[in-house]
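Residue numbers (our numbering), protein chains in the order written: chain W, 142 to 640; chain Z, 142 to 640.
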């Protein structure tokens, strides 16, 4: 769907707020001026990011995937085989007057051109001519020539071994394939995932953590046989679950997306096979687990001209953001046997599995790939709100399970044993929850601080608490206050924080 | 203490085992030949590593530290200020015959020279002459000249901005100092930590994950005033805890390490102040939480000639490994106001705090810094064992809380509803524990497989289980088997797995 590329007023307000409230600082190194595309997760942002990563781990683990951690740096041989060294680059156009460089396709998309990222260099130049696009910096004319700028971040191992910071985790997840044969005892499916950093030397990235030069990725690789694709035991239990789907055909016929069950989607040939449909379902499960509301998500199939030549099918999970409209946040790909074949060819090693008759074949790979920074941004974007009564009072209405602070503990005053009691409660709760202790300022001010960083529950310990062994619990969104017994706190909060 | 630098038979056996059992693969990219110093954490190793990272997070959080995540890549300006660009390098010596390069200090240490890493270039050359050290590869003579090899891994941002993969997390943790002022509301201590990747372009690293070119670090930075150092409220509650200490004085006088309470150590001036003593205590707590046995740990003070010129005090936490003897696994440093002053000077910004009278001062930094790969290796090294009855049967006797698989679930046979029951139990348990399901091979073989990867508890579901709603639980080290009710499984395992 359409994409807004630069920071508009909505996103400017949000990103300033995220910096002020210790979620995301940058661009870094801020202290030394800052370079586009590098961000720090501050004390609260990092907790939110950890919560996201744990949610991802939990869903993958529950579905039989095992995590691995491959190095970030790999030598040129790997990226030659994967194709990144030859073709992972962006089209750049340079201003003839001020010499600034821009990503040609992104400039055109800002001018309303759709899918310019799939244009050939020639088509890009023709569109620049037709639309008479000038330099956004100085209004000068562009040199009508596309240069290819590699996105690979080069480095050196030892004295002279050419190497690169990986541009994606995926390639590095395929490489230990022979070890997976051992770990899964030669029995497909091999199901693995990786969470880690990746690097892309983008030309002038301008969308906060949605497009940074250093980012965190999560992706799963499911190695299957062709037969498994059409006969996938995990499909049946979820076939009646529904997703909002927008097939290539619907897009071509200008039809709207449609909510349908996996079963129906398979019958209508929206999906080619059960295993792929299940992967699309699983990606949606992960985003639900991260707290993204179902009604903000859409699954969009790539049209043929958007797909890599080897990909049999490809879908995006898109999220409708307030600041950037519909934004691609995850890709689900049927990569066939392309990657294993390439690495077998370049490494001159055999990367195969055996069927029941002992016949060797190259497994297919079904992939779910996404960044963690985008769902992070999506949560902040979607749950950023203002009190109806007072537009200056901002609150982040995170689902409690995702909140960086789940419970705040306040003594009414920092004296008369109230602080001691509050600290005791804090210490009991912090074994199970993300807890924050605060004893400074008025209670009202402490509530506001916690609203602004998305804390769903605040507990206040007052003089009555000392006698009755209870606390006041105050809920963020409704601002309702109730007294509950300290003895019941842990189990009540457990229930609340699963939401 | 003394260090063995290369892989001896003990560590060769262990590292081969860790690869075979899917803990650590490499050096990577194995498929393309492999380059020293890069390793992959396989499905079981990654779980163990995650458990370590979670243990670290928990201890830091419980003591008021907040995690941040700064980018891995930072431009030259940062590393100029930190001093890394000018002085983070290793002394290299080159063979005149075969042209191989070696780390000069490490070669000398292998020849029995102690602390050669603190030698000047001149002293290194003199020692080479005196000891008549020749090339380990070809026995040729060395060129008697030290070259300085930078450990920094260089890259480029955009078209031409010189940048580096960070050689440590620490520097990048100081940089958002101004944001910490906001987050901690201008009230010292500011307590932050970071867990993340760091890179060092070592010359021919040869000690498995103990010295790799890409590794994971964890470190805390505690910003304090000078007054806080001598009056640290968290010290009192732990002052009677004891540690095995080896002060610089004891080392110089050839005395053995001594177990003493923090209180006594402070009285004896082994520590200069309460806050530093508490940091040493905290580092020890973290290593206990990671499962390292107390009796395998020693805290050793740096002698004056080992310390950086600005450091007021520095201690190492060392672990006695079976394969490498006493090995430095953590450093605790009083970095004074050195880093903030340097970054203030280079960035031309004010990095100060205010005392109660509003007077500005530069806070001091107390640091705990360690890699995660070393305690990972230490756990594998220390808990690698063989059955008395059969030396071929290897088991990893991990503490249950650290095990990559805490509980394995086996149906006696994969039929007659035993597998269905087993899967039900698996699904209940996997919400709380790291669980593994296995239905293939004899029960004895399944036990052995789990012993070898350190799983403390195996549950078997047999025909009696269907009637009596119970399972057989088998303990790894004692091999004892007991029947317990399924209804009690979760709470019993909870208790067991906290060990």
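Cβ atoms here follow ideal geometry from the backbone N, Cα and C, with glycine treated the same way.
Query                                                                                                                           : Result
Cβ-Cβ distance between residue 612/Z and residue 601/Z below 8 Å                                                                : yes
With 16 other Cβ atoms within 10 Å as the buried cut-off, status of residue 497/W                                               : exposed
Nearest-angstrom Cβ-Cβ length linking residue 296/W and residue 305/W, presumed shorter than 8 Å                                : 7 Å
Backbone CA spacing between residue 483/W and residue 486/Z [nearest angstrom]                                                  : 51 Å
Euclidean distance between Cα positions of residue 514/Z and residue 282/W                                                      : 53 Å
Boundaries (first-last residue) of the alpha helix (DSSP H) holding residue 391/W                                               : 389 to 393
Residue 464/W, DSSP secondary structure in three states                                                                         : coil
CA nearest to the CA of residue 221/W, picked from 308/W, 472/W, 560/W                                                          : 308/W
Outcome for residue 389/W when other beta-carbon atoms lying within 10 angstroms are tallied against a minimum of 16            : buried
Chain W residues whose Cβ lies nearer than 8 Å to that of residue 715/Z                                                         : One cannot answer for residue 715/Z here, as it falls past the ends of chain Z, which runs 142 to 640.
Given residue 364/W as reference, the closest of 407/W, 533/W, 175/W, 503/W once Cα atoms are compared                          : 503/W
N-terminal and C-terminal residue of the alpha helix (DSSP H) that residue 225/W is part of                                     : 225 to 228
Residue 192/Z versus residue 229/Z - alpha carbon distance                                                                      : 32 Å
Strand pairing of residue 359/Z, partner residues [DSSP]                                                                        : 336/Z, 511/Z
Cβ of residue 612/W within 8 Å of any chain Z Cβ                                                                                : no
Positions along the region 463 to 494 of chain Z whose CB lies within less than 7 Å of some CB in chain W                       : 484, 488, 490
Residue-level contact to chain Z via CB, residue 172/W, 8 Å cutoff                                                              : yes
Continuous alpha helix (DSSP H) stretch holding residue 645/Z: start and end                                                    : Outside the modelled stretch of chain Z, which goes from 142 to 640, sits residue 645/Z, for which no answer is possible.
Meets three-Cβ-pair contact criterion under 8 Å: the region 451 to 460 of chain W and the region 411 to 420 of chain W          : yes
Against chain Z: residues of the region 149 to 167 of chain W by CB proximity under 7 Å                                         : 163, 166
Neighbour list for residue 329/W in chain Z, Cβ cutoff strictly below 8 Å                                                       : What residue 329/W touches in chain Z: nothing, since even the nearest Cβ is about 14 Å away.
In chain order, each beta strand (DSSP E) run of at least 3 residues that lies wholly inside the region 245 to 308 of chain W   : 288 to 291, 294 to 298, 302 to 306
Collapsed DSSP secondary structure at residue 488/W in the structure displayed                                                  : helix
Neighbourhood of residue 207/Z by C-beta, 6 Å cutoff - its chain only, sequence neighbours within 5 removed                     : 333
Cβ-Cβ distance between residue 231/W and residue 172/W below 8 Å                                                                : no
Cutoff 8 Å: residue 225/W Cβ touching any chain Z Cβ                                                                            : no
DSSP state of residue 199/Z mapped onto helix, strand, coil                                                                     : helix
Contact check, residue 423/W vs residue 509/W, beta carbons under 8 Å                                                           : yes
Under 9 Å (Cβ pairs) to chain Z, residues found in the region 336 to 355 of chain W                                             : 337, 338, 340, 342, 343, 344, 345, 353, 354, 355
Alpha carbon of residue 189/Z to alpha carbon of residue 544/Z, nearest angstrom                                                : 6 Å
Contact set between the region 191 to 210 of chain Z and chain W, restricted to residues whose Cβ is under 8 Å from the partner : 191, 198, 202, 203, 207, 208, 209, 210
Pick from 448/W, 280/W, 460/W that is closest to residue 475/W, judged by C-alpha positions                                     : 448/W
Residue 560/W, enclosing alpha helix (DSSP H) - first and last residue                                                          : 559 to 570
Under the three-state DSSP convention, the category residue 505/Z falls into                                                    : strand
Closer than 8 Å to chain W by CB, residue 308/Z                                                                                 : no
Stretch pair the region 242 to 253 of chain W + the region 274 to 289 of chain W: three plus CB contacts closer than 8 Å        : yes
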